């Protein structure tokens, strides 16, 4: 049973060496320093490589051929009971390319193609599953550890209408692990994993309403990195099979609408976004097993009432001489319940984001520098002990006394009797865009 306990509920981290996934790093911190400084606003105003994320239709508004290269990183001042929490893989490289498609006839100068990338230095994708009782920030911890490779294209349908489509690749991990006792009675294991790829889409439209006013709409499809593996173990001649499932790097279905006003020197962008977090399968590993003389067992996972989120974003760019000054603000609600009186300790809060940046223009090239601060609302979560009053026990709403024969409540949950959380996350970067 000790083997079952350790294999079934331990924190699982899988570093995928041949898979790519659309990245929440760009969703959380912005795709490159320009858009980080705008707090992610730009559904109706982004016309560079980052349009493949914000609204692929915007790609058709660009001109010429260009390449972008830069670096972007973040660090955490989030805390759990005054203990600061670090981020895994907090820095990466930003790359982008855009160009007109070499077509003639009716599609000449109407179709543009591009690719947007965010690459981690040592990891391509990481899937994590945690103990239900473990305190952590699921918005940040486990959602920033993956590469982005998003190719796409946009078409100018008319002088006032453009449409675009981008594709990102979802990586899953499916395979098995076999273990048995070796000559020294130690466990000998064999791991065999396969990584198939699945495509997900971003689709958008951009409308020129007047000479100075644009509107945009984008849909980003839900994706996740599913982990599923069968562990076949033999101890003392008896087979113990474990079937483990988890879902990592989750981003929900998203729908965003935006407007942008511009003149010769200034662009003002305003966006609103809905995200379907109520469909989140959760960050916990699900374990099913078959034990000798016992039969099938399944781990009990708390049912958490995740909520859809709403976000508003606004950004301003204005040109002063050869410099472009930028600033932005965003607010987003939290999908994780504020009240968690049972087993779970999913820490989060409403988020206020402030961005600042500057771009320096040299002929046709541009260097962008941007910084961002995210302020996560403070929360105190207090636990409730199950009284056994005849109602069915719900692990999300209360905790069981783990030893009723001992005076006082015997609770090992790290969030008992209460837990405080909150803090800030800071990010920034620099990038250069050059013509080709």
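In our numbering, the protein residues as written are 45 to 480.
All C-beta atoms, glycine included, are put in the ideal place defined by N, C-alpha and C.
Source: prediction; values computed, not measured.
Checklist entry - Just how far apart, CA to CA, sit residue 85 and residue 456? => result 44 angstroms
Checklist entry - Buried or exposed: residue 291, going by 16 or more other Cβ atoms within 10 Å of its Cβ? => result buried
Checklist entry - When the Cβ atoms of the stretch 311-325 are set against those of the stretch 420-427, are three or more pairs found closer than 8 angstroms? => result no
Checklist entry - Taking the alpha-carbon positions, what's the residue 132 to residue 153 distance? => result 43 angstroms
Checklist entry - Hey, quick one: how far does the alpha helix (DSSP H) through residue 78 stretch, first residue to last? => result 77-81
Item to check | Residue interval of the alpha helix (DSSP H) (run including residue 162) | outcome: That residue, residue 162, is in no alpha helix (DSSP H); its beta strand (DSSP E) goes 155-163.
Checklist entry - Which residues mark the beginning and the end of the alpha helix (DSSP H) in which residue 96 is found? => result 95-98
Next on the checklist: Which residue wins for smallest C-alpha separation from residue 175, given the options 368, 78 and 346?
Outcome noted: 346
Item to check | Residue of 196, 75, 302 and 107 minimising C-alpha distance to residue 412 | outcome: 75
Checklist entry - So what does residue 376 bridge to, in DSSP terms? => result 355 and 395
Checklist entry - DSSP beta-bridge partners for residue 192? => result 162
Checklist entry - Cα separation between residue 382 and residue 392? => result 8 angstroms
Checklist entry - If you draw a straight line from the C-alpha of residue 320 to the C-alpha of residue 406, how long is it? => result 42 angstroms
Checklist entry - For residue 97 versus residue 469, is the C-beta distance shorter than 8 angstroms? => result no
Checklist entry - Counting along the chain, where does the beta strand (DSSP E) carrying residue 253 start and finish? => result That residue, residue 253, is in no beta strand (DSSP E); it is neither H nor E in DSSP.
Next on the checklist: Quick check on DSSP: helix, strand or coil for residue 84?
Outcome noted: coil
Checklist entry - Are residue 138 and residue 162 closer than 8 angstroms when you measure CB to CB? => result yes
Checklist entry - When we look at the beta-carbon of residue 454 and count the other beta-carbons within 10 Å, is it buried (16 or more) or exposed? => result exposed
Item to check | residue 130 versus residue 203: straight-line alpha-carbon distance, rounded | outcome: 48 angstroms
Checklist entry - Does the pairing of the stretch 360-373 with the stretch 301-317 give three or more beta-carbon distances under 8 angstroms? => result yes
Checklist entry - Is residue 305 helix, strand or coil when you go by DSSP? => result strand
Item to check | At least 3 beta-carbon pairs within less than 8 angstroms: the stretch 388-403 vs the stretch 368-380 | outcome: yes
Next on the checklist: If contacts are defined as beta-carbon pairs under 8 angstroms, then residue 69 and residue 114 qualify, I think. What distance do you get, rounded to the angstrom?
Outcome noted: Residue 69 to residue 114, Cβ: 13 angstroms. No contact.
Checklist entry - Secondary structure at residue 321, three-state DSSP: helix, strand or coil? => result helix
Checklist entry - Which same chain residues, not among the five before or five after residue 410, have their C-beta less than 8 angstroms away from its C-beta? => result 368, 403, 404, 476 and 477
Item to check | Integer Cβ distance of residue 100 from residue 210, believed to fall under 8 angstroms | outcome: 4 angstroms
Checklist entry - For residue 247, which option in 441, 255 and 261 has the closest C-alpha, if you only look at C-alpha atoms? => result 261
Next on the checklist: DSSP three-state label for residue 472, please.
Outcome noted: strand
Checklist entry - Which residues in the same chain as residue 243 place their Cβ atom closer than 8 angstroms to its Cβ, once the five residues preceding and following it in sequence are excluded? => result 211, 212, 213 and 214
Next on the checklist: Only counting the same chain, and skipping five residues up and downstream in sequence, which positions put a Cβ closer than 6 angstroms to that of residue 301?
Outcome noted: 261 and 316
Next on the checklist: For residue 348, count the other beta carbons within 10 Å of its own beta carbon; 16 or more makes it buried, fewer makes it exposed. Which is it?
Outcome noted: buried
Checklist entry - For the candidate residues 379, 269 and 258, whose alpha-carbon lies nearest to that of residue 353? => result 379
Item to check | Cβ neighbours of residue 123 in the same chain (closer than 6 angstroms, five flanking residues each side left out) | outcome: 467
Checklist entry - So residue 260 is in the beta strand (DSSP E); what residue range does that whole segment cover? => result 257-264
Next on the checklist: Please report the distance separating the alpha-carbon of residue 135 from that of residue 165.
Outcome noted: 8 angstroms
Item to check | Classification of residue 82 by the beta-carbon crowding that lies within 10 angstroms, buried from 16 upward | outcome: buried
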